[in-house]
Every structure is written in C-alpha cells, then in structure tokens.
Amino acid sequence: MIIIFLGAPGSGKGTQAKQLSDARSWPQLSTGDMFREHISTKSDLGMKAKSFMDKGELVPDSVVVDMVAVRVKNPDCKNGFILDGFPRTTPQAEALDLQLKGMSRAVDRVVLFEIENEELVRRLTGRRTCPKCGSVFHLVSKKPQVEDLCDSCGHKGLKQRDDDRADVVHNRLDVYRKQTAPLIGYYQKQGKLRSISADQDFDAVFRDIIEATS
Ligand code: AP5
Numbered sequence: 002m003i004i005i006f007l008g009a010p011g012s013g014k015g016t017q018a019k020q021l022s023d024a025r026s027w028p029q030l031s032t033g034d035m036f037r038e039h040i041s042t043k044s045d046l047g048m049k050a051k052s053f054m055d056k057g058e059l060v061p062d063s064v065v066v067d068m069v070a071v072r073v074k075n076p077d078c079k080n081g082f083i084l085d086g087f088p089r090t091t092p093q094a095e096a097l098d099l100q101l102k103g104m105s106r107a108v109d110r111v112v113l114f115e116i117e118n119e120e121l122v123r124r125l126t127g128r129r130t131c132p133k134c135g136s137v138f139h140l141v142s143k144k145p146q147v148e149d150l151c152d153s154c155g156h157k158g159l160k161q162r163d164d165d166r167a168d169v170v171h172n173r174l175d176v177y178r179k180q181t182a183p184l185i186g187y188y189q190k191q192g193k194l195r196s197i198s199a200d201q202d203f204d205a206v207f208r209d210i211i212e213a214t215s
C-alpha cells in the first residue's frame, strides 16, 4: 500500500509515520529527514536544501522529485511505503503520479492531519530532537524519561531544530497554506483523501490512521 501523510508542519506526521512503519513494516520516506541527513554530511544537495529550510521555504520541486524518484525504486518499497512530507506542491504530486504509473503502481490513500494553527505553534516550538538518532520529543507532551537524555539511544543533549524557531515556524505555516494545502483538493478529486483529527492524544490519532488506511 502507498500512503501519503498530508498535513501542516507539526501536525504529527513524522511521529505517526514511524509508528505505522513499525506496525506494518513499510518504510517511512520523510523528505525532511532525507534533507537533514544530507545536511549532516555536508553534501552539495544538503547545502542547497539548507538554504531554503532555514528560512522555512520549500526546496525546489526538481530537487525533491529526483530524490524521491530514486528512493521509491529501492527494494524495501516493494510492498508499500509511507510518504511523510512529500508531495508538498501540485507539481510534486503530478510527478509522483507519473512516476508511479510508470512502475504500474499508484497512491492508495492520503491521510490528512487536521489541527488548528495555535496547537501547531505550540508543538513546533516545544519540539526537541535527538541529534544522534533523530528521535522526537516535546517539552510538554512527550518528555524524555530523564531530562535531556534520549530514550532511544541515551544521547545527552536534545536539540531544537533550526527551523522550529518561532520566526521560521510562522513562515512554514504560511508556506503550507499557500503551496501545500491545494493538494487537499487534488487528492479529494481522486477519491483518496481521508481526514483525521490530529488534535488528540498519540494513541487516538494512531487508531484513526489504522482505520483510515485499512
Ligand atoms: P519536514 O521535516 O518534513 O517538516 P514538516 O513537514 O514541516 O513537518 P515536521 O517534521 O515539522 O512536523 P510533523 O508533522 O512530522 O510533526 P512531529 O511528528 O515531529 O520538512 C522540513 C523542511 O524540509 C521544509 O520546511 C522544507 O524546507 C524541506 N522539505 C521537506 N520536504 C519537502 C518537500 N516535499 N518539498 C520541498 N521542501 C521540502 O510532531 C511535532 C511535535 O509535536 C513533536 O514534538 C511531537 O512530539 C509532538 N506531537 C506529535 N503528535 C502529538 C500529539 N498527538 N499530541 C501532542 N503532541 C504531539
């Protein structure tokens, strides 16, 4: 099954994609994580992406589309995969449809994470990430068991993402509204969209996702 998680920054896509990936053994393809990996190795692609990400702008379509096109051909995507943060523009969605068609495949379901802006700001500005393994925490709603220590790998020193600073967060939400929200109509027309409330506790959101993707 090919699933897209569509929703504003901070709506919980990454958290839930990881859980669904573990439950169904489908890889989680997060374009944000792919870019952050490139940034950590200081690759040319990473440096180019960083200049957009730091401002809360989208990385140009051609760069993202080519990167995903390579990734979905990987054998681990054979039985299905979860796209987390891609597509984010209509040209990206069209390119994805075209590529999957060429592979005799298609998107099966698009899960839309619905949530108010105020809660998104709270989630993004309070998010802390482990720089070693990428595990995600929150200062209020998902505290690590020991302050500042990663529950998964034990690394000390959880960090705030550069683009989770309040000034950048507002631009990211604006960019979502202008450039990504039109995809709601795109997938509605294809009959693939299922909306869930992302403003519930972690387990309730996951239950709704299981229902929406069954
Ligand atoms: P990316 O990394 O994809 O960021 P995003 O889409 O903005 O999403 P986030 O990772 O911020 O949030 P999320 O929805 O995954 O929420 P999370 O689960 O972490 O992209 C970063 C940048 O890369 C973009 O701005 C762009 O520049 C570039 N980029 C990426 N893809 C691109 C593309 N396709 N095209 C062009 N550019 C692209 O949760 C957030 C917080 O809330 C966490 O602290 C979590 O613990 C907490 N939380 C989650 N769920 C709950 C809950 N139910 N209750 C309480 N707290 C919760």
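When we follow our numbering, the leftmost residue of the sequence shown carries the number 2, and every step to the right adds one.
Even glycine gets a Cβ: it sits at the ideal position worked out from N, Cα and C.
Tell me the DSSP bridge mates of residue 195?
By 1-based counting over the sequence shown, the position of residue 195 is 194. DSSP lists 112 as partners of residue 195.
Taking the alpha-carbon positions, what's the residue 87 to residue 93 distance?
As a working mapping, residue 87 is identified with position 86 in the sequence shown. As a working mapping, residue 93 is identified with position 92 in the sequence shown. Taking the straight line joining both Cα atoms gives about 8 Å.
Relative to the C-alpha of residue 155, which candidate in 139, 38, 145 has its C-alpha closest?
In the sequence shown, counting from the first residue as 1, residue 155 sits at position 154. Measuring from the Cα of residue 155, the nearest candidate turns out to be 145.
Should the segment 40-53 be regarded as contacting the segment 169-183, the criterion being three or more beta carbon pairs within less than 8 Å?
no
In whole angstroms, give me the CA-to-CA distance for residue 161 and residue 55.
On the sequence shown, residue 161 is found 160 positions in, with the first residue counted as 1. On the sequence shown, residue 55 is found 54 positions in, with the first residue counted as 1. If you take the alpha carbons of residue 161 and residue 55, they lie about 13 Å apart.
Is residue 150 closer than 8 Å to residue 129 when the C-beta atoms are compared?
Residue numbering aside, residue 129 sits at position 128 when the sequence shown is read from its first letter. Residue numbering aside, residue 150 sits at position 149 when the sequence shown is read from its first letter. In this structure, residue 150 does not lie closer than 8 Å to residue 129 by Cβ.
Please look up how many angstroms separate the CB atoms of residue 197 and residue 114, rounded, as I've assumed it's under 8 Å.
In the sequence shown, counting from the first residue as 1, residue 197 sits at position 196. In the sequence shown, counting from the first residue as 1, residue 114 sits at position 113. Contact flag correct, Cβ pair sits at about 6 Å.
With respect to the alpha helix (DSSP H) encompassing residue 33, which residues constitute its N-terminal and C-terminal limits?
Taking the sequence shown and counting its residues from 1, the one referred to as residue 33 is at position 32. From DSSP, the alpha helix (DSSP H) with residue 33 extends over 32-41.
Based on the DSSP output, what are the partners of residue 150 in its beta bridges?
Residue numbering aside, residue 150 sits at position 149 when the sequence shown is read from its first letter. 157.
Do the CB positions of residue 137 and residue 8 come within less than 8 Å of each other?
Residue numbering aside, residue 137 sits at position 136 when the sequence shown is read from its first letter. Residue numbering aside, residue 8 sits at position 7 when the sequence shown is read from its first letter. Contact flag unset, no.
In terms of residue numbering, what span does the beta strand (DSSP E) encompassing residue 59 cover?
The residue labelled residue 59 in the question sits at position 58 within the sequence shown. Neither: residue 59 is in no beta strand (DSSP E) and is coded neither H nor E.
Would you say the beta carbon of residue 160 comes nearer than 7 Å to a heavy atom of ligand 1?
Numbered from its first residue, the sequence shown carries residue 160 at position 159. Outside the cutoff, so no.
Please work out which residues of its chain come closer than 8 Å, Cβ to Cβ, to residue 207, disregarding the five sequence neighbours upstream and downstream, and give them in chain order.
As a first step, residue 207 must be located in the sequence shown, where it is residue number 206. Counting only Cβ-Cβ distances below 8 Å, and skipping sequence neighbours, we find 17, 20, 21.
Tell me which residues share the same chain as residue 183 and place their Cβ nearer than 7 Å to its Cβ, disregarding the 5 neighbours each side in the sequence.
Translated into the one-based positions of the sequence shown, residue 183 becomes position 182. If we look at residue 183 and ignore the five residues flanking it on each side, its Cβ neighbours are 91.
State the start and end residues of the unbroken beta strand (DSSP E) segment that holds residue 130.
Here residue 130 refers to the residue found at position 129 of the sequence shown. Its beta strand (DSSP E) spans residues 128-130.
Hey, how far is the Cα of residue 69 from the Cα of residue 99?
As a position in the sequence shown, residue 69 is number 68, starting the count at 1. As a position in the sequence shown, residue 99 is number 98, starting the count at 1. Straight-line Cα distance between these residues: approximately 13 Å.
Cβ-heavy atom distance between residue 60 and ligand 1 below 7 Å?
Taking the sequence shown and counting its residues from 1, one reaches residue 60 at position 59. Residue 60 Cβ: within cutoff of ligand 1.
Using CA atoms only, rank isn't needed, just tell me which of 200, 202, 193, 118 is closest to residue 215.
For the purposes of this step, residue 215 is taken as the residue at position 214 of the sequence shown. Nearest C-alpha to residue 215: 193.
At what residues does the beta strand (DSSP E) containing residue 164 begin and finish?
Taking the sequence shown and counting its residues from 1, one reaches residue 164 at position 163. Counting along the chain, residue 164 falls outside any beta strand (DSSP E), and DSSP gives it neither H nor E.
In terms of DSSP beta bridges, what is residue 29 paired with?
Taking the sequence shown and counting its residues from 1, the one referred to as residue 29 is at position 28. For residue 29, which the question treats as bridged, DSSP gives the partners 83.
By Cβ distance, which residues of its chain are closer than 8 Å to residue 72, with the 5 residues on each side in sequence left out?
Within the sequence shown, numbered from 1, the residue matching residue 72 stands at position 71. 30, 35, 78.
Kindly examine ligand 1 and report whether one of its heavy atoms sits closer than 7 Å to the Cβ of residue 53.
As a working note, residue 53 is residue 52 in the sequence shown. Answer for residue 53: yes, Cβ within range of ligand 1.
Less than 8 Å between the C-beta atoms of residue 84 and residue 4, yes or no?
Position 83 of the sequence shown, counting from 1, holds the residue named residue 84. Position 3 of the sequence shown, counting from 1, holds the residue named residue 4. Their beta carbons are under 8 Å apart, which means residue 84 touches residue 4 by this criterion.
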